[in-house]
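Novice: If you're matching them up, the sequences are chains P, C, L and F in order.
Just so you know, our numbering puts 182 at position 117 of the first sequence, and the rest follows in order with no gaps.
Just so you know, our numbering puts 134 at position 69 of the second sequence, and the rest follows in order with no gaps.
Just so you know, our numbering puts 292 at position 32 of the third sequence, and the rest follows in order with no gaps.
Just so you know, our numbering puts 328 at position 68 of the fourth sequence, and the rest follows in order with no gaps.
Here's a structure for you.
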Amino acid sequence: MIELRTTEFDPLDELAIYQKRLAAGKYGACCNFIGSMRDFNEGDEVSKMTLEHYPGMTEKFLQTICDEANEKWPLLDCLIIHRTGDINPNDSIVLTAAWSAHRDASFAACRYLIEELKHRAPFWKKENTGQGERWVSENTKAED
Amino acid sequence: MIELRTTEFDPLDELAIYQKRLAAGKYGACCNFIGSMRDFNEGDEVSKMTLEHYPGMTEKFLQTICDEANEKWPLLDCLIIHRTGDINPNDSIVLTAAWSAHRDASFAACRYLIEELKHRAPFWKKENTGQGERWVSENTKAED
Amino acid sequence: MNITVKFFASLREQTGKSDASISYAEPISVLDAWKQASGMQSMPENTLCAINMEYVNHSTLLSDGDEVAFFPPVTGG
Amino acid sequence: MNITVKFFASLREQTGKSDASISYAEPISVLDAWKQASGMQSMPENTLCAINMEYVNHSTLLSDGDEVAFFPPVTGG
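Written as structure tokens, this is what we have:
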């Protein structure tokens, strides 16, 4: 499942709720990743951030990533939740999770979800620093 | 931090509680892995399981794994919780988590924690199947 | 041939518009649509393009009724 | 020289004991301790050994007061 959220969300609560849908005893592995807003970036303090997206395409693209993960690995399910709009330091920005029988698939799929999202999903961050607003120029390759 | 638990634990609650200790806004990435008991293994239904450990050595070894992860990657913290004793299907067995500024370190460290645990930490599983009890003979290499 | 054009993030600010409609008699490419809708501004080198919410390259030709979008490298997650 | 020996999991069941104490006049190896404590049973090929909770190999020599442990491949997580 994929979801966009315009307000703060608790990724651990979301995982707990979502996981109840899955068949008990069938998955042995859940790898998940939570990205949250730091109060610093590239040496500057960041007091606020705005996340713009492309309504329609963003949702469609996140679903594509989930579908691709399901094709590549034997998953029971996967989940992506992503914030949009105004974000404060320490807010959760993204949650990706993958459930499978064995750990290898859940790790690989969870990593795939976040990497594809970071490099291909239409989201754009604008940071508010002491020096004013600035667009984040580019996500790094698998290291950000 | 490392902990052994003799009774059921909720890994998502544990993460939420533990994370409150960490400095807000300093970590941007948390990768975690939850291993839970399936009700089947190697083709058989498994109704119950017992997890034996080596009191003293197990705790020491888990701490060593955390220390190694902290040396290898720039982490803010890492956490391992592992069950012992009698375990029922769908119970959580293990939680490994790593917090860092960037996602690469948190993924690599979380994976390291669970791989080292699976291959070197003194735990032994005995499964109860329809055919009686059996010791699990060996964890697979990074694919179980 | 009518086309809807969308600009996002820094390109929305650069062009000063979020949406535009353009009309053409002959088939045009994504790059042609940029030129027309942006008022002949130069396109930043790393600009990404989508037609009807699917990634395409700058030389892809547009069809009547298409929605073409321009945006900078993505920075979500 | 007194040594404490521990057996875990399937090795505890195979030897029929979880703990044993053995005494020796001359320095002995981990493998010697297995033989003595197990009553000369053969040691399964993949047996792991630890002295004072640190992994060692079968030929490591023991010191007075050591705790030596024998266990099968680990299966936690």
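Yeah, the Cβ is synthetic: ideal placement off N, Cα and C, and Gly gets one too.
#1: Going by the DSSP bridge assignment, what does C:ALA174 pair with across the sheet?
#2: How about F:MET313: is its C-beta nearer than 8 Å to some C-beta of chain C?
#3: Where does P:THR72 land, buried or exposed, given buried means 16+ other C-beta within 10 angstroms?
#4: In chain C, what lies closer than 9 Å to F:ALA285 by C-beta?
#5: With DSSP as the reference, please indicate the residues paired to P:ASN97 in a beta bridge.
#6: Does the beta carbon of C:PHE172 sit closer than 8 Å to a beta carbon anywhere in chain F?
#7: Using DSSP with H/G/I as helix, E/B as strand and the rest coil, what is C:LEU80?
#8: Sorted by chain position, which residues of the same chain lie with C-beta nearer than 7 Å to C:MET122's C-beta, five sequence neighbours on each side aside?
#9: On the DSSP bridge list, what partners appear for C:THR115?
#10: Between which two residues does the alpha helix (DSSP H) harbouring C:ASP132 extend?
#11: Is there at least one Cβ from chain L nearer than 8 Å to P:ILE67's Cβ?
#12: Could you check whether C:PHE98 and P:ARG176 sit closer than 8 Å to each other, using their CB atoms as the reference points?
#13: Would L:MET261 and L:SER283 qualify as a contact pair, given that the criterion is a beta-carbon distance under 8 Å?
#14: Any Cβ of chain L within less than 8 Å of the Cβ of P:ILE152?
#15: Could you name the residues of the same chain whose beta carbon sits closer than 6 Å to that of F:GLU327, not counting the 5 residues immediately before and after it, in chain order?
#16: Output yes if chain P places a C-beta closer than 8 Å to the C-beta of L:SER270; else output no.
#17: Closer than 8 Å between beta carbons: that is the criterion. Which residues of the segment 133-159 of chain C meet it against chain F?
#18: Report the rounded CA-to-CA distance for P:GLY108 versus C:ASP142, giving the unit in angstroms.
#19: Express the C-alpha separation of C:GLY195 and C:LEU295 in angstroms, rounding to a whole number.
#20: Please list the partners that L:THR335 has in chain P, where partner means a Cβ-to-Cβ separation under 7 Å.
#21: Would you report the Cα separation of C:PHE74 and P:GLU192, rounded to the nearest angstrom?
#22: In its own chain, which residues sit with a C-beta less than 7 Å from the C-beta of F:TRP294, not counting the 5 before and 5 after it?
#23: Measure from the alpha carbon of C:MET66 to the alpha carbon of each residue in C:TRP164, C:ASN204, C:TRP200, then state which is nearest.
#24: Could you list the residues in the segment 92-126 of chain P with a C-beta less than 8 Å from some C-beta on chain C, going in chain order?
#25: Assuming P:MET102 and P:ILE152 form a contact by the criterion Cβ under 8 Å, report the distance between their Cβ atoms to the nearest whole angstrom.
#26: Out of P:GLU203, P:GLU110, P:GLN84, state which residue places its alpha-carbon closest to the alpha-carbon of C:GLY90.
#27: Between P:TYR83 and C:GLY93, what straight-line distance do the alpha-carbon atoms span, to the nearest angstrom?
#28: Tell me, please, whether the CB atom of P:LEU77 is closer than 8 Å to any CB atom in chain L?
#29: Short check: CB of P:THR149 to CB of P:LEU80, under 8 Å?
#30: Could you check how far apart the C-beta atoms of P:TYR119 and L:PHE267 are, in whole angstroms? I think they sit under 8 Å.
#31: Can P:LEU116 and P:LYS190 be called in contact, C-beta distance under 8 Å?
#32: Nearest to L:GLY325 by CA position, among L:PRO287, L:VAL334, L:THR275, is which residue?
#33: Identify whether P:ILE179 lies in helix, strand or coil by the three-state DSSP scheme.
#34: May I ask which residues mark the beginning and end of the beta strand (DSSP E) holding L:ASP279?
Specialist: Looking at the atomic coordinates:
#1: BP columns for C:ALA174 are empty, so no partner.
#2: yes
#3: exposed
#4: Neighbourhood of F:ALA285 in chain C, by CB distance below 9 Å: empty, with the nearest CB roughly 28 Å away.
#5: P:ALA162, C:ASN97
#6: no
#7: helix
#8: Cβ neighbours of C:MET122 beyond the five flanking positions: PRO187.
#9: C:ASP151, C:LYS191
#10: 122-137
#11: No, no contact with chain L.
#12: No, these two residues do not count as a Cβ contact at 8 Å.
#13: In contact: L:MET261 and L:SER283 (Cβ atoms closer than 8 Å).
#14: For P:ILE152, no CB of chain L lies under 8 Å from its own CB, so it is not counted at the interface with that chain.
#15: Same-chain partners within the cutoff: THR264, ASN312.
#16: yes
#17: HIS147, ILE158, VAL159
#18: 21 Å
#19: The structure shown does not extend to residue 295 of chain C, since chain C is modelled only from 66 to 209, so the question has no answer here.
#20: PHE188, TRP189, LYS190, VAL201, GLU203, ASN204
#21: Approximately 39 Å between the Cα atoms of the pair.
#22: MET303, PHE330
#23: C:TRP164
#24: TYR92, GLY93, ALA94, CYS95, CYS96, ASN97, PHE98, ILE99, GLY100, SER101, MET102, ARG103, ASP104, PHE105
#25: 5 Å
#26: P:GLU110
#27: P:TYR83 and C:GLY93: Cα-Cα distance of roughly 23 Å.
#28: no
#29: no
#30: Their Cβ separation, rounded to whole angstroms, is 10 Å, which puts P:TYR119 and L:PHE267 out of contact at 8 Å.
#31: yes
#32: Comparing Cα-Cα distances from L:GLY325 to each of L:PRO287, L:VAL334, L:THR275, the minimum goes to L:PRO287.
#33: Three-state DSSP puts P:ILE179 in a helix.
#34: 279-283
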